[in-house]
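Input: a single structure, listed below in structure tokens.
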Amino acid sequence: MSLEVIMPKAGVDMTEGQIVQWNKKVGEFVKEGEILLEIMTDKVSMELEAEEDGYLIAILKGDGETVPVTEVIGYLGEEGENIPTAGGSVPAEAPAPAPAAANTDDDKSDDAYDIVVIGGGPAGYVAAIKAAQLGGKIALVEKSELGGTCLNRGCIPTKTYLHNAEIIENLGHAANRGIIIENPSFTVDMHKVLETKNKVVNALVGGVAGLLRSYGVDVHKGIGTITKDKNVLVNGSELLETKKIILAGGSKVSKINVPGMESSLVMTSDDILEMNEVPENLVIIGGGVVGIELGQAFMTFGSKVTVIEMMDRIVPAMDAEVSKNLRLILERKGMTILTETKLEEIIEENGKLRIKVEGKEDILADKALLSIGRVPDLEGIGEVEFELDRGRIKVNEYMETSVPGIYAPGDINGTKMLAHAAFRMGEVAAENALKGNHHVAKLNLTPAAIYTLPEVAAVGLTEEQARDKYDVAIGKFNFAANGRAIASDAAQGFVKVIADKKYGEVLGVHIIGPAAAELINEASTIIEMEITVEEMLKTIHGHPTFSEVMYEAFADVLGLAVHSPKKK
Numbered sequence: 001m002s003l004e005v006i007m008p009k010a011g012v013d014m015t016e017g018q019i020v021q022w023n024k025k026v027g028e029f030v031k032e033g034e035i036l037l038e039i040m041t042d043k044v045s046m047e048l049e050a051e052e053d054g055y056l057i058a059i060l061k062g063d064g065e066t067v068p069v070t071e072v073i074g075y076l077g078e079e080g081e082n083i084p085t086a087g088g089s090v091p092a093e094a095p096a097p098a099p100a101a102a103n104t105d106d107d108k109s110d111d112a113y114d115i116v117v118i119g120g121g122p123a124g125y126v127a128a129i130k131a132a133q134l135g136g137k138i139a140l141v142e143k144s145e146l147g148g149t150c151l152n153r154g155c156i157p158t159k160t161y162l163h164n165a166e167i168i169e170n171l172g173h174a175a176n177r178g179i180i181i182e183n184p185s186f187t188v189d190m191h192k193v194l195e196t197k198n199k200v201v202n203a204l205v206g207g208v209a210g211l212l213r214s215y216g217v218d219v220h221k222g223i224g225t226i227t228k229d230k231n232v233l234v235n236g237s238e239l240l241e242t243k244k245i246i247l248a249g250g251s252k253v254s255k256i257n258v259p260g261m262e263s264s265l266v267m268t269s270d271d272i273l274e275m276n277e278v279p280e281n282l283v284i285i286g287g288g289v290v291g292i293e294l295g296q297a298f299m300t301f302g303s304k305v306t307v308i309e310m311m312d313r314i315v316p317a318m319d320a321e322v323s324k325n326l327r328l329i330l331e332r333k334g335m336t337i338l339t340e341t342k343l344e345e346i347i348e349e350n351g352k353l354r355i356k357v358e359g360k361e362d363i364l365a366d367k368a369l370l371s372i373g374r375v376p377d378l379e380g381i382g383e384v385e386f387e388l389d390r391g392r393i394k395v396n397e398y399m400e401t402s403v404p405g406i407y408a409p410g411d412i413n414g415t416k417m418l419a420h421a422a423f424r425m426g427e428v429a430a431e432n433a434l435k436g437n438h439h440v441a442k443l444n445l446t447p448a449a450i451y452t453l454p455e456v457a458a459v460g461l462t463e464e465q466a467r468d469k470y471d472v473a474i475g476k477f478n479f480a481a482n483g484r485a486i487a488s489d490a491a492q493g494f495v496k497v498i499a500d501k502k503y504g505e506v507l508g509v510h511i512i513g514p515a516a517a518e519l520i521n522e523a524s525t526i527i528e529m530e531i532t533v534e535e536m537l538k539t540i541h542g543h544p545t546f547s548e549v550m551y552e553a554f555a556d557v558l559g560l561a562v563h564s565p566k567k568k
């Protein structure tokens, strides 16, 4: 089977790269690790190595071309092998692939499934259950564990670790609150931590399996791929006939081609959640959500953590003021954060890592975590040609692909790579696959959260984005003036509200502080329901609660926050 060569994402905000030159020609044999081509971005130049032995069977993007990240730029494969039909434009000299057969429901037998879902992650299992609730005969194919990345290797394991970190932080505050613990030093038993994490994950995976059984969904274990006549093949042998397909393949870890990255001491986010030790020195490559969350967890467990980020701030998708505040808090707790820093090379020596960065001293570490984001997993495409957008399956507002009758919700379309967005996309895809395209996935107000200590959350526009389009008013209120936060020893951070001055329309809400991931849902509802600032102030919030900070921040937009000193 051919191997895609893609434009790598060498930084959380990198959107495109330029091909400097291909070092191999079509038809030439390439050994694993041999340099295929050189690329350049505004921040980094790098050489891209072959991931395995093979012949260069196609070059889709030539020297000098600028290409979006994750887009397929070439293929490696067997000598004389034809290139796949879904990985990008076909070279002019190659014959155009035949389109998928335009089968209709009438072409299928009475025993055919109404829908076969490929992928049992948040988009896939929710789509399967929703379709079954609507009366469909449904099958689901999953190659690994039900629940997908979020449940098995992402959100849930990470939050389990962060709760341990929260316990440790609370113990550190105990003496100040009159709770005297004898011999207050602690150690972290990572074997027990892993056992707890696995127990949590297994309970939730079992819950998903039970839900699917209760709704009569047939679950098949294996790799599902789409055939040219729009059925699903499991493990290359078992054929599932179906009227519609929902392709919810999810995503996989993104990698970069930096010398030394192949060291076994360099982990992905999948690997670190199986690590049974607390490294003395841990380097995080990438200051995005996952890197910062796991960095804080292991810092609290006892690691000396250094974060390397190419951009000018950590979690760069968040509001700049929130990002700055989070950095200050993490640095006070002991994390070293290097922004605007280019990673040059990783050298393994004497069982440790020497990490070379541009313009700074080498960093010594026991382990490193590569955490630069995720890319769609297109393994399930099979024999069907889809329209792609930067390596992602392009879908319309109904979650339908360019191939009628095949839907692609979740990470695989790259629209919003969040589990809760995938839930909604999965529901929409199921509804439309069974009942016809009428249900739309509105994702622009999807809240996002970072489960650091304190938490960070956001919905809508950042201040920078809003000022580009509107005459804005800003309201802000600090948790330091909130009774519940002070009583809970959690008085860090603030709520920030961005509104349009003319109409009072709420454009965005940004939170750093206790329970931010919970509070943001109120803000999301307010914006979705088009409640203005003045209308929100007619509500009553319970006291003492963290949510009062939200109310006061809205009041501050109009200069009416009762618990803020009078502004001069």
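Sequence positions in the sequence shown follow the UniProt record's numbering and run 1 to 568. The beta-carbon is built from N, C-alpha and C at its ideal position, and this holds for glycine as well. Bear in mind the structure is a predicted one, so any value in this text is a computation, not a measurement.
Of the residues the options, the one placed nearest residue i, counting alpha carbons only
i, options, result
"Y398", "N257, D389, A408 and R392", "A408"
"S2", "L48, E38, L56 and E195", "L56"
"D229", "G405, G286, D110 and E349", "G405"
"A297", "E309, M261 and E277", "E277"
"G206", "N152, I284, A433 and K496", "N152"
"H420", "G178, T446, E51 and S402", "T446"
"D319", "E47, H510 and N521", "H510"
"I474", "E463, N198, P376 and E400", "E463"
"E52", "K31, D63 and E38", "K31"
"F423", "G121, E16 and A466", "G121"
"D271", "G222, K352 and K367", "K367"
"E535", "L558, A485, V403 and V283", "L558"
"F479", "F494, E522 and A365", "F494"
Residue i (DSSP reduced to helix, strand or coil)
i, result
"T336", "strand"
"S323", "helix"
"Y55", "strand"
"residue 654", "Outside the shown range of the chain, which is 1 to 568, sits residue 654, and nothing can be said about it."
"E463", "helix"
"G206", "helix"
"M261", "coil"
"A92", "Confidence in A92 is poor, its pLDDT being 37 and thus under 50, which makes the residue's placement unreliable; the coordinate value appears in the next sentence. DSSP places A92 in coil when its eight states are reduced to three."
"E81", "coil"
"A365", "strand"
"P544", "coil"
"D500", "strand"
"G177", "For clarity, residue 177 is Arg in the given sequence; the question names Gly instead. R177 falls in the helix class under three-state DSSP."
"G423", "Reading the sequence as shown, one finds Phe at residue 423 and not Gly. Three-state result, F423: helix."
"F554", "helix"
"L273", "coil"
"N444", "coil"
"Y113", "strand"
"K255", "coil"
"N437", "coil"
"L328", "helix"
"T268", "coil"
"D107", "helix"
"M352", "Residue 352 is actually Lys in this sequence, not Met. Note: K352 maps to strand in three-state DSSP."
Buried or exposed by the 16-neighbour rule on C-beta atoms within 10 Å, applied to residue i
i, result
"V562", "exposed"
"V440", "exposed"
"F477", "buried"
"M529", "exposed"
"T187", "exposed"
"H220", "buried"
"T149", "buried"
"I167", "exposed"
"S251", "buried"
"I179", "exposed"
"G210", "exposed"
"S254", "buried"
"E385", "buried"
Unbroken alpha helix (DSSP H) run spanning residue i, endpoints
i, result
"G414", "G414 -> no alpha helix (DSSP H), and no H or E assigned at all."
"P157", "C155 to A174"
"G77", "Here G77 belongs to no alpha helix (DSSP H); instead the beta strand (DSSP E) covers V72 to G77."
"A473", "Not the alpha helix (DSSP H): A473 falls in the beta strand (DSSP E), residues V472 to N478."
"P122", "P122 to Q133"
For residue i, the first and last residue of its enclosing beta strand (DSSP E)
i, result
"L507", "V506 to G513"
"Q492", "Unbroken run through Q492: none, as it is neither H nor E."
"I35", "I35 to M40"
"P68", "T66 to P68"
"I526", "No beta strand (DSSP E) holds I526; the alpha helix (DSSP H) holding it covers A516 to E528."
"L240", "E238 to L240"
"I138", "I138 to E142"
(Q) Quick check: the segment 112-120 against the segment 136-150, are at least 3 beta-carbon pairs closer than 8 angstroms? (A) Touching, per the Cβ criterion.
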